[in-house]
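Report on the following structure.
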Amino acid sequence: DDEQLQAFSQRFGPLEEAPFGRMPEAEKAKIKNRFVTTLSNIKVDGKPIGGLGNDEATWHSDMTYSETPPPASLLLGIEIPDQGGDTHFADQRAALAALPAALRQRIESLSVKHNAAHTSVGKLRPGFEAFDDPRDAPGAIHPMIKTHNETGKPALYLGRREWAYIPGMTVEESDDLLDALWTYVAIKEITWTQQWQPFDLIIWDNRCVMHRRDGFDQNSRRYMRRCQVLPRHAV
163 DDEQLQAFSQ RFGPLEEAPF GRMPEAEKAK IKNRFVTTLS NIKVDGKPIG GLGNDEATWH
223 SDMTYSETPP PASLLLGIEI PDQGGDTHFA DQRAALAALP AALRQRIESL SVKHNAAHTS
283 VGKLRPGFEA FDDPRDAPGA IHPMIKTHNE TGKPALYLGR REWAYIPGMT VEESDDLLDA
343 LWTYVAIKEI TWTQQWQPFD LIIWDNRCVM HRRDGFDQNS RRYMRRCQVL PRHAV
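All residue numbers for the sequence shown refer to the working numbering, where the first residue is 163 and numbers rise by one.
Shown next as structure tokens:
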């Protein structure tokens, strides 16, 4: 149950509240547990009980648009569709190592802005306004190469491709460089796929791993519960 998932997740550090976007505090107050998030396409009385629906979720690391992203995520599968909904993971330490030397050297001192306004399925979060220019996207700016604070190993750290922007460049220059980098993010040799079974629990390190989710039939049911861990120094 949620209490067990929350208690287990807290072994890895303090927990992050669910990403509510700019939801009013009065609405947040109605949420029973802010630390265990529902990801589901199920609707009750016509209203979704969770986020992300049944669409494909593109490659991303969780909540990189925040100044202090959660280093780890835990995802528990409860109801699983017969087809689709698999989760794919990509090692960004290996992605960085795969970059041609000239490309890696080019990004050594560069950062990227991570869009906070949209979810990984491309939906606008509550309280955000649409925009047409990635330079207008709200969100944190992080170095493109992130050194893991525990292992000391570097990894490519791009967040999501959609609406990303490299400060100091034109949009065209930024897009060209990001597109070049993204060809290495999920090459076959560095990816692994989780084909879910009921009550599988996956833990991953957002500092060096990206993930994405396959879409699935809207008439199937998928019900997942998630916790996200804050850095230990955050509290």
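All C-beta atoms in this analysis are idealised placements derived from N, C-alpha and C, irrespective of residue type, glycine included.
If you're wondering where the values come from, they're calculated on a predicted model, not measured in any experiment.
Local conformation of residue i per DSSP, three classes
i      : result
ASP376 : coil
TRP358 : coil
PHE170 : helix
ARG394 : helix
TRP344 : helix
Spatial neighbours of residue i in its chain, beta-carbon cut-off 8 Å, leaving aside the 5 residues before and after
i      : result
GLU179 : ARG196, PHE197
ILE303 : SER273, VAL274, LYS275, HIS276, PRO329
Neighbourhood of residue i by C-beta distance below 6 Å, restricted to the same chain and skipping five residues each side
i      : result
MET331 : none
GLU312 : none
Bridge partners - residue i, DSSP secondary structure assignment
i      : result
VAL371 : ASP253
GLY213 : LEU201
THR353 : ALA252
GLY239 : MET386
ALA234 : ASP367, VAL391
HIS222 : HIS373
TYR123 : The structure shown does not extend to residue 123, since the chain is modelled only from 163 to 397, so the question has no answer here.
THR309 : PRO316
Cutoff 7 Å; reference residue i; Cβ partners in own chain excluding five residues on either side
i      : result
ALA292 : LEU286
GLY377 : ASN216, ASP217, GLU218, GLY246
THR309 : PRO316
ALA256 : ILE352
The beta strand (DSSP E) enclosing residue i, as first and last residue numbers
i      : result
LEU265 : Run containing LEU265: none in the beta strand (DSSP E); it sits in the alpha helix (DSSP H), 263-269.
SER273 : 273-275
Exercise. Three or more C-beta pairs closer than 8 Å, one from the segment 243-254 and one from the segment 322-341: is that the case here?
Worked result: no
Exercise. Is there contact between the segment 323-335 and the segment 366-383, where contact requires at least three CB pairs shorter than 8 Å?
Worked result: no
Exercise. Given 8 Å as the limit, is there contact between the segment 253-262 and the segment 273-289, that is, 3 or more CB pairs closer than that?
Worked result: no
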